[in-house]
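Asker: Got a structure for you, questions after.
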Amino acid sequence: MRHTKQYKRGSRGKAAVFFVVLFGFAIFSMLLPLRPTRSEIENRDLTKFPAFSAPALARGDYTQGIDTWFADTFPLRDVFRQLNNWVESLYGIKTVEIVGNVEQGDEIPDAPFTGE
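Numbering of the sequence shown is given in the UniProt record's numbering, commencing with residue 1 and proceeding in unit increments.
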């Protein structure tokens with residue numbers, strides 16, 4: 001019984017710290033006026049804040065645009081992307097990401113090479 005109370009007390013403390021950090025970061029990200037406009041890691045311009053119009057609001061395009069803008073310009077986004085890439089590199093899984101224009105490659109042969 002005594003062990004259970006100590007376990008619950010420790011769990012509640014850890015949960016409280018987790019939620020304070022979670023909500024603190026959420027409030028920080030909403031109040032921070034400085035938003036990145038370009039991602040150097042992805043080598044692209046980030047989404048711009050959508051222009052307001054009543055028809056776009058009625059269709060839901062305006063709020064969807066705000067959602068996309070917020071997700072794309074989240075504070076410390078590049079840091080989290082780098083952290084994610086580092087964690088994925090620990091898995092041992094190597095993927096190829098192609099950025100930019102891709103030129104036409106060589107044709108794939110239909111038959112084995114005979115030396116002619």
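For each residue, glycine too, the CB sits at the ideal point set by N, CA and C. This structure is a prediction, so every number in the text was calculated from the model and none was measured.
#1: Is the Cβ-Cβ distance between E40 and D78 less than 8 Å?
#2: Hey, which unbroken runs of the alpha helix (DSSP H) at 4 residues or more fall wholly within the segment 36–84?
#3: Using 8 Å as the threshold, is the segment 80–93 in touch with the segment 52–71, meaning 3 or more CB pairs across them?
#4: Nearest CA to the CA of Q82: which residue from A56, R35, V21 and E42?
#5: Whole angstroms are fine: how far does the CA of G115 sit from the CA of Q64?
Answerer: Looking at the atomic coordinates:
#1: Translated into the one-based positions of the sequence shown, residue 40 becomes position 40. Translated into the one-based positions of the sequence shown, residue 78 becomes position 78. Closer than 8 Å, so yes.
#2: 54–59 and 61–72
#3: no
#4: As a position in the sequence shown, residue 82 is number 82, starting the count at 1. The option with the nearest alpha carbon to Q82 is E42.
#5: Position 64 of the sequence shown, counting from 1, holds the residue named residue 64. Position 115 of the sequence shown, counting from 1, holds the residue named residue 115. Distance between the alpha carbons of Q64 and G115 is about 58 Å.
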